[in-house]
Amino acid sequence: MIGAGPAGLYLAYLLRRDRPDADIRIFEQNAPDTTFGFGVVFSDRALAFLREDDPATCDAIEPHLESWQDITVVHRGRSMTIDGVGFSAIGRLHLLKLLQQRLSSVGVAPVYRHSIDSLSDFADADLIVGAEGAAGPLVRRTYEPHFGTTTVHLSNRFVWFGTTKRFETLTQTFVETGRGHFNAHHYRYAPDMSTFIVETDKETFRRYGFDRTDETESKTICEKVFAECLDGHPLVTNRSIWRRFPKIWNERWSYRNCVLVGDALRTAHFSIGSGTRLALEDAVALAKALAAHGDDVQAALRTYEAARRPVVEKLVRAANASAAWYEAFPAYMGLDTADFVMSYLRRSGRLDIDRLRQISPRFVATYEAERPRNSLTR
Numbered sequence: 486m487i488g489a490g491p492a493g494l495y496l497a498y499l500l501r502r503d504r505p506d507a508d509i510r511i512f513e514q515n516a517p518d519t520t521f522g523f524g525v526v527f528s529d530r531a532l533a534f535l536r537e538d539d540p541a542t543c544d545a546i547e548p549h550l551e552s553w554q555d556i557t558v559v560h561r562g563r564s565m566t567i568d569g570v571g572f573s574a575i576g577r578l579h580l581l582k583l584l585q586q587r588l589s590s591v592g593v594a595p596v597y598r599h600s601i602d603s604l605s606d607f608a609d610a611d612l613i614v615g616a617e618g619a620a621g622p623l624v625r626r627t628y629e630p631h632f633g634t635t636t637v638h639l640s641n642r643f644v645w646f647g648t649t650k651r652f653e654t655l656t657q658t659f660v661e662t663g664r665g666h667f668n669a670h671h672y673r674y675a676p677d678m679s680t681f682i683v684e685t686d687k688e689t690f691r692r693y694g695f696d697r698t699d700e701t702e703s704k705t706i707c708e709k710v711f712a713e714c715l716d717g718h719p720l721v722t723n724r725s726i727w728r729r730f731p732k733i734w735n736e737r738w739s740y741r742n743c744v745l746v747g748d749a750l751r752t753a754h755f756s757i758g759s760g761t762r763l764a765l766e767d768a769v770a771l772a773k774a775l776a777a778h779g780d781d782v783q784a785a786l787r788t789y790e791a792a793r794r795p796v797v798e799k800l801v802r803a804a805n806a807s808a809a810w811y812e813a814f815p816a817y818m819g820l821d822t823a824d825f826v827m828s829y830l831r832r833s834g835r836l837d838i839d840r841l842r843q844i845s846p847r848f849v850a851t852y853e854a855e856r857p858r859n860s861l862t863r
């Protein structure tokens with residue numbers, strides 16, 4: 486197995502748990518305490534599958550989650566609360582350490598700081614799992630034509646910071662400056678730390694000259710743009726460079742004895758908070774398929790894809806629709822705040838007003854109280 490992120494660690498744990506005699510080797514090019522970013526977020530009940538299949542691991546993770554039941558949207562200084570849309574978050578490094586402990590409990594130790602240049606190193610392996618994430622994984626790159634890989638980069642730019650400011654809910658803060666538009670996705674992942682992802686459209690990116698700023702300069706500018714939101718707290722960097730989100734998709738999930746999981750297989754835009762959940766669910770599905778088919782690896786890989794593809798395709802469609810809304814969010818900034826928030830809520834195509842009335846009655850009541858100047862068709 487190549488890659489010791491959440492998908493790789495958890496899959497290795499499940500495989501050894503189910504088959505104690507299995508020879509499982511997992512390799513990671515980075516150190517065990519190295520990670521990109523800060524917190525990861527899960528939608529409400531996103532870990533229910535974990536509770537059902539693996540209560541011990543769920544028990545290990547849940548005490549460390551920060552949870553809340555509302556979303557806050559701040560639009561040009563006005564704040565609106567969306568009730569009934571719960572999320573949980575945990576520090577990415579903390580999650581990795583918990584999964585490393587679970588893997589250690591079944592006697593598997595990843596090999597860290599180990600780069601692999603060729604899959605020929607694993608000529609005797611029954612199965613090679615590419616769990617290396619989105620950025621240029623070896624398994625996918627080696628057989629890219631056979632996987633049918635496509636990668637499309639969004640035009641918006643984003644940069645991933647942390648901050649010592651504690652936010653009580655997952656919050657989306659949309660700001661308009663004299664030179665353009667910004668959005669921050671922010672939420673706490675520990676009692677005293679929050680993730681703070683800043684996103685901007687390509688024109689604003691150009692006007693601010695972010696293509697020429699270093700990490701420190703970008704941090705300083707973003708602190709000024711979101712000064713009111715940060716309330717004097719600094720942003721914290723961790724390889725905080727501007728990126729364009731890659732929409733990655735593979736038409737085929739396996740080739741020969743190689744299979745992809747997690748972001749190596751497909752990406753889902755961070756605005757729906759499902760990337761880590763999908764990675765862990767991939768691990769569960771692949772482990773179950775391998776357990777069901779014994780030594781018939783090809784049958785197991787077919788079962789894995791057949792079981793997961795409908796779920797993944799539905800979620801990725803929603804993620805792509807959400808990403809498209811964020812690509813165009815400056816065009817919506819002129820709306821009244823209630824209309825803007827309604828547009829935000831309906832961006833993925835999964836919610837209509839009747840469903841919202843069920844799950845977010847307080848928000849809908851506020852929205853409908855302003856209906857003389859709002860339109861449900863927006």
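Residue numbers (this note's numbering): 486 to 863.
Backbone N, C-alpha and C fix where the C-beta goes; we use that ideal spot for every residue, glycine too.
Whole-angstrom Cβ separation of Ile-511 and Ala-497, contact assumed at under 8 Å?
-> At roughly 5 Å, the Cβ-Cβ gap stays under 8 Å, so Ile-511 and Ala-497 are in contact.
Where are the beta strand (DSSP E) runs, 3 residues long or more, that stay fully inside the region 528-565, in chain order?
-> DSSP runs (the beta strand (DSSP E)) wholly in the region 528-565: 551-560.
Inter-residue spacing [alpha-carbon to alpha-carbon] between Thr-862 and Asn-515 = Because the pLDDT at Thr-862 is just 43, under 50, the model does not fix this residue reliably, and the point stays unresolved.
Helix, strand or coil: how does DSSP classify Ala-507 here?
-> Residue state, collapsed to three classes: coil.
Would you mind working out which of Gly-618, Val-525 and Lys-650 sits nearest Asp-716, comparing C-alpha positions?
-> Lys-650
Tell me whether Ile-726 sits in a helix, a strand or coil according to DSSP, three-state version.
-> coil
Beta-carbon spacing of Arg-537, Thr-635 below 9 Å = Note that residue 537 is Glu in the sequence shown, not Arg. No. Outside cutoff.
For the alpha helix (DSSP H) that Asn-641 lies in, which residues bound it at each end?
-> It is not in any alpha helix (DSSP H) - Asn-641 carries neither H nor E in the DSSP assignment.
Proximity of Ile-733 and Arg-751 at Cβ, strictly below 9 Å = yes
Return yes when the Cβ of Ala-669 is within less than 9 Å of the Cβ of Thr-658, no when it is not.
-> In terms of Cβ geometry, Thr-658 and Ala-669 form a close pair [threshold 9 Å].
Between the Cα of Asp-506 and the Cα atoms of Ala-776, Ile-844 and Pro-517, which residue gives the shortest distance?
-> Ala-776
Where do the N-terminal and C-terminal ends of the beta strand (DSSP E) with Ser-679 fall, by residue?
-> Ser-679 -> beta strand (DSSP E) spans 678-685.
Expressed to the nearest angstrom, what Euclidean distance is found between the alpha-carbon atoms of Phe-607 and Val-624?
-> 11 Å
Check whether Gly-490 and Leu-655 have beta carbons under 9 Å apart = no
List the DSSP bridge partners of Asp-780.
-> Bridge partners of Asp-780: none, in fact.
Through-space distance from Gly-522 to Arg-729, alpha-carbon basis = 15 Å
Where Glu-853 and Cys-714 are concerned, what is the direct C-alpha to C-alpha distance, given to the nearest angstrom?
-> 27 Å
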